[in-house]
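Chemist: In full-length UniProt numbering, the protein residues as written are 1 to 471.
(1) To the nearest angstrom, how far is it from the Cα of residue 388 to the Cα of residue 175?
(2) For a quick check, are the C-beta atoms of residue 313 and residue 336 less than 8 Å apart?
(3) In three-state terms, what does DSSP make of residue 314?
(4) Are the stretch 231-238 and the stretch 195-209 touching by the rule of at least three beta carbon pairs closer than 8 Å?
(5) With a threshold of 8 Å, are at least 3 pairs of Cβ atoms found where one atom belongs to the stretch 293-312 and the other to the stretch 331-349?
(6) Of all the options 287, 272, 282, which has the alpha carbon lying nearest to the alpha carbon of residue 293?
(7) Between the beta-carbon of residue 173 and the beta-carbon of residue 78, is there less than 8 Å?
(8) Take the Cβ of residue 321 as the centre, count every other Cβ of all protein chains shown within 10 Å, and call the residue buried at 16 or more, exposed below.
(9) With respect to the alpha helix (DSSP H) encompassing residue 64, which residues constitute its N-terminal and C-terminal limits?
(10) To the nearest angstrom, how far is it from the Cα of residue 217 to the Cα of residue 224?
(11) Using a Cβ-Cβ cutoff of less than 7 Å, which residues in the same chain neighbour residue 490 once the five nearest sequence positions on both sides are dropped?
(12) Could you compute how far the alpha carbon of residue 262 sits from the alpha carbon of residue 54?
(13) Could you tell me the distance, in whole angstroms, from the CA atom of residue 366 to the CA atom of residue 378?
(14) Counting C-beta neighbours from all protein chains within 10 Å, is the total for residue 291 16 or more, i.e. buried, or is it exposed?
(15) Counting along the chain, where does the alpha helix (DSSP H) carrying residue 27 start and finish?
(16) Thinking residue 352 and residue 392 are a contact (beta carbons under 8 Å), I'd like their distance in whole angstroms, please.
(17) Flag this pair as yes or no: are the beta carbons of residue 41 and residue 165 separated by less than 8 Å?
(18) Quick check: what's the CA-CA separation for residue 278 versus residue 412?
(19) Taking C-alpha atoms, which residue in 18, 60, 27 lies nearest to residue 44?
(20) Starting from the C-beta of residue 297, find all residues in its chain whose C-beta is less than 7 Å away, skip the five residues before and the five after it, and write them out in chain order.
(21) Could you compute how far the alpha carbon of residue 181 sits from the alpha carbon of residue 31?
(22) Assign residue 210 to buried or exposed, taking buried as 16 or more other Cβ atoms, counted over all protein chains shown, within 10 Å of its Cβ.
(23) Assign residue 80 to one of three DSSP states: helix, strand, or coil.
(24) Less than 8 Å separating the beta-carbons of residue 62 and residue 183?
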């Protein structure tokens, strides 16, 4: 008898029948025109044949789905989880390594759901190679501790370990939109057996049948979020809702947002938060588009706890508008702020785009000496976000014993491309009257290169000298 090979991921073995498959197994699954390695998270045997809930390895969890038996390729080996004793030995070895290691390093690869993090540097000199814009700290926590201590920071809250991994709703209907949820959300268990859940897009109340929803809709007179309308233009409105005054509505909002936010764990204490909700208006009322929440008092200086644009309104510029509005509030408060970390993958992309455009527009338009602190004061961005953005854009260079910002022709092409999009897309306009951060300047580079030399002190907080070297 040949001993089974034990790999880092488990024990690969050929099987003849799907009945041998168990949870935590990894097998090859047909997806579109390709095959992907997937982990079995749950098995539904209430109906025959059984269905399997899978997570595609190295893919985002919003792609998790229920699959039929015929999509599993049994011609390839199935990787079974290691026996518990082997797993415990591996865990003990890891603990010993952690004790011997004096510092925590940023690993290049981690398990799904685990955190990435670096130890913050409290000295004046900032490490450009380890700017931790995501702010994730690695922390070992048991499932019991996670349940007892759900709220550990400003959002509803975030956690690197996921208790519930299986999406529990198949489809929701909001107004005219049918939406497929991305993640688990702790809606009442009786709704999880329904094929469709109806959510009112004014009150965010949920129903298991269309008849219940229609009967409720005839009685409900609410036509907008239950708060103060603090901004309005021809297209959208913003409402400010106090979590302490509107607990039911805000809790319904948290349940809805958890369907599309994986890195936040829901908690029902909404009192410490303000919710800023964006709506679109028509003859029926104000339809919910997206929102961001913030703590009334944030010890860490966060200006956003959670931020979400509903899937039916994504890729239309509304996420950018939510981000910009959060910074406008920070400017009104004369504070600098940053979103609570970690951000989702889509959220991080949106913030990076906003930070990049804001920074480049400021550098081009300012045209004189400026400090990092002054950039922070003008934009309400934190110095860490500013420096991280400069490094991400690859414009932060070290030249002749000083740091400089180098704006190349690629940056000029980016300006021209965004200028073209501004003329084509209605959503890319100024939403705040004289505020022009969504409008790009009418500026075209005529030379091959445009240089922006920025002279820093050792702590990267010196004067910023912008030099125009165009011919």
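From the three backbone atoms N, C-alpha and C, an ideal C-beta is built for every residue, glycine too.
Modeler: On the basis of the data shown:
(1) For this step, residue 388 is matched to residue 388 along the chain shown. For this step, residue 175 is matched to residue 175 along the chain shown. Each residue's Cα considered, the two are about 40 Å apart.
(2) Position 313 of the chain shown, counted from the first residue, corresponds to residue 313. Position 336 of the chain shown, counted from the first residue, corresponds to residue 336. In this structure, residue 313 keeps its C-beta atom at 8 Å or more from the C-beta atom of residue 336.
(3) Indexing the chain shown from 1 puts residue 314 at position 314. In the structure shown, the three-state DSSP call for residue 314 is coil.
(4) Too few Cβ pairs lie closer than 8 Å, so no.
(5) Under the 8 Å Cβ criterion, the stretch 293-312 counts as touching the stretch 331-349, having at least three qualifying pairs.
(6) Sequence index remark: in the chain shown, residue 293 carries index 293 (1-based). Looking at the Cα atoms, 272 is the closest of the given residues.
(7) Residue 173 sits at position 173 when you count from the first residue of the chain shown. Residue 78 sits at position 78 when you count from the first residue of the chain shown. Taking 8 Å as the Cβ cut-off, residue 173 and residue 78 do not qualify as a contacting pair.
(8) Within the chain shown, the letter at position 321 stands for residue 321. When all chains shown are included, residue 321 counts as buried.
(9) One-based indexing of the chain shown puts residue 64 at position 64. Unbroken run through residue 64: none, as it is neither H nor E.
(10) As a first step, residue 217 must be located in the chain shown, where it is residue number 217. As a first step, residue 224 must be located in the chain shown, where it is residue number 224. Those two C-alpha atoms are separated by around 13 Å.
(11) Examination of residue 490 is not possible in this model, given that the chain is present from 1 through 471 alone.
(12) As a first step, residue 262 is located in the chain shown; it is residue number 262 there, counting from the start. As a first step, residue 54 is located in the chain shown; it is residue number 54 there, counting from the start. Roughly 16 Å separates the two Cα atoms.
(13) Position 366 of the chain shown, counted from the first residue, corresponds to residue 366. Position 378 of the chain shown, counted from the first residue, corresponds to residue 378. If I take the Cα positions, the gap works out to 11 Å.
(14) Counting from one through the chain shown, the residue named residue 291 turns up at place 291. Buried is the label assigned to residue 291, since at least 16 other Cβ atoms lie within 10 Å of its Cβ.
(15) The residue you call residue 27 lines up with position 27 of the chain shown. Premise fails: residue 27 lies in the beta strand (DSSP E), 26-31, not in any alpha helix (DSSP H).
(16) Locating residue 352 in the chain shown gives position 352, counting from the first residue. Locating residue 392 in the chain shown gives position 392, counting from the first residue. Indeed they touch by this definition, with Cβ atoms about 6 Å apart.
(17) Position 41 of the chain shown, counted from the first residue, corresponds to residue 41. Position 165 of the chain shown, counted from the first residue, corresponds to residue 165. Contact flag set, yes.
(18) Here the question's residue 278 lines up with position 278 in the chain shown. Here the question's residue 412 lines up with position 412 in the chain shown. Each residue's CA atom was taken as its position, placing residue 278 and residue 412 some 33 Å apart.
(19) Numbered from its first residue, the chain shown carries residue 44 at position 44. It is 18 whose Cα lies nearest to the Cα of residue 44.
(20) For the purposes of this step, residue 297 is taken as residue 297 along the chain shown, with counting starting at 1. For residue 297, same chain residues with a beta-carbon under 7 Å away, outside a window of 5 residues either side, do not exist.
(21) The sequence position of residue 181 within the chain shown is 181, counting from 1. The sequence position of residue 31 within the chain shown is 31, counting from 1. The alpha-carbon of residue 181 is positioned some 19 Å away from that of residue 31.
(22) Position 210 of the chain shown, counting from 1, holds the residue named residue 210. Answer is exposed; the Cβ neighbour count stays below 16.
(23) The sequence position of residue 80 within the chain shown is 80, counting from 1. In this structure, residue 80 counts as strand in the three-state DSSP scheme.
(24) Here residue 62 is taken as the residue at index 62 of the chain shown, counted from 1. Here residue 183 is taken as the residue at index 183 of the chain shown, counted from 1. In contact: residue 62 and residue 183 (Cβ atoms closer than 8 Å).
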